[in-house]
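Report on one structure; see the data block that follows.
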Amino acid sequence: MSKKSLILALVAALAAHATGALADVSAGEKKAELCVNCHRVDNSHSAPLLDGLPAAYLLKQFALYISGKRFGPAMQSNLAAASSEDLQSIADYFSSRPPLRAVTKMTADQQTQDAGSTMARTLDCSDCHGADYRGTKDVPRLAGQLRNYLAFQISKMQRDHTLHPPMSSTGQLIPQPEIEALATYFASLEP
Ligand code: HEC
Ligand code: HEC
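Given below as structure tokens:
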């Protein structure tokens, strides 16, 4: 193959790949119609925001719910009917979207946010959750996520080490008021 035709072939392959990815995203949007009934920014169903979460993370959660390892009765039945192709395109759709901030009606006082900020730094949450807690390739973003969802998950995860690495090096549980402060702080950040 001449250099020129090699380049042309590469361009064609790249274009085909890009169209494929776009097709997946719009198929995903259609398949996600059920999901956005609950997973939307107005937070009327207390469901976490999925926009902009890493696809690898989403796929892992789908598998955890379906297998029952992660408890979420609504989620188990919502996902059970989807094929693995459906799940892939739904994950691609949500992860392709820009992250949004959940609407929180609660007004957080500055003191609580500061306490949460100090706590998060002391416990090195950003080691895995990335700079400004915006997530990494397969660790979810915490910034801008629904506050009550975060508080609930932190309580749950620190008791269940199969779902999350230990939250503190001493193995001590984070007390509830501090969990609330952490959640308030993460929810207040720009996603
Ligand atoms: C009836 C409302 C409802 C519907 C419909 C729904 N969900 Fe959920 N979803 C929830 C709730 C509530 C939670 C929080 C459950 C928990 O505590 O684990 C959740 C959690 C999740 C999570 C975990 C997010 C995270 O940050 O770890 C994912 C992923 C998810 N849902 C995906 C979906 C997908 C994909 C669909 C559509 C096929 C869907 N959901 C449909 C209510 C819903
Ligand atoms: C050693 C790495 C690591 C550290 C440190 C860490 N996390 Fe995580 N965290 C993870 C991983 C990995 C997941 C996703 C778990 C999964 O794939 O199911 C996660 C998930 C979460 C979730 C669930 C988010 C969602 O959308 O459902 C919350 C909340 C959370 N972490 C809070 C914290 C807090 C608070 C700290 C600091 C006290 C912390 N994490 C420190 C690795 C870490």
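The sequence shown maps to residues -23 to -1, 1 to 168 in mature numbering (1 follows the signal peptide of the UniProt record, and there is no 0).
Here a beta-carbon is modelled for each residue, glycine too, at the ideal position from N, C-alpha and C.
From a predicted model like this one, the values you see are computed outputs, not experimental measurements.
Task: Neighbourhood of Lys114 by C-beta distance below 7 Å, restricted to the same chain and skipping five residues each side - done: The beta carbon of Lys114 sits closer than 7 Å to those of Pro31 and Ala33, all from its chain and outside the five residues before and after it, given in chain order.
- [ ] Run through the segment 58 to 93 for me and flag every whole alpha helix (DSSP H) of 4 or more residues, listed as ranges in chain order.
- [x] Fully enclosed alpha helix (DSSP H) runs of no fewer than 4 residues occupy 61 to 73 of the segment 58 to 93, in order along the chain.
Task: Spatial neighbours of Ser165 in its chain, beta-carbon cut-off 7 Å, leaving aside the 5 residues before and after - done: Within the same chain, and ignoring the five residues on either side of Ser165 in sequence, the residues whose Cβ sits closer than 7 Å to its Cβ are Ala85 and Gln90.
TODO: Kindly examine ligand 1 and report whether one of its heavy atoms sits closer than 8 Å to the Cβ of Cys102.
DONE: Not under cutoff, so the answer is no.
Task: Which of helix, strand or coil DSSP assigns to Leu100 - done: Note: Leu100 maps to coil in three-state DSSP.
- [ ] Could you tell me whether the Cβ atoms of Ala79 and Leu140 are closer together than 9 Å?
- [x] For the pair Ala79 and Leu140, the CB atoms are not nearer than the 9 Å cut-off.
TODO: Taking Asn125 as the reference, give the member of Leu11, His22 and Phe48 with the closest Cα.
DONE: Answer by Cα proximity: His22.
Task: Residues of its chain near Leu77, where Cβ-Cβ distance is below 8 Å and the 5 sequence neighbours each way are ignored - done: So the list reads Val18, Leu26, Asp28, Gly29, Gly121 and Pro168, once near-sequence residues are dropped.
- [ ] May I ask which residues mark the beginning and end of the alpha helix (DSSP H) holding Lys133?
- [x] Lys133: member of the alpha helix (DSSP H) spanning Arg124 to Arg136, first to last residue.
- [ ] Go to Ser44, then tell me how far its alpha helix (DSSP H) extends in each direction, as first and last residue.
- [x] Unbroken alpha helix (DSSP H) run through Ser44: Ala32 to Ser44.
TODO: Could you check which residue in Asp101, Asp63, Phe129 and Phe163 has the C-alpha nearest to that of Pro111?
DONE: Per the sequence shown, residue 111 should be read as Arg rather than Pro. Ranking the options by Cα distance to Arg111, first place goes to Phe163.
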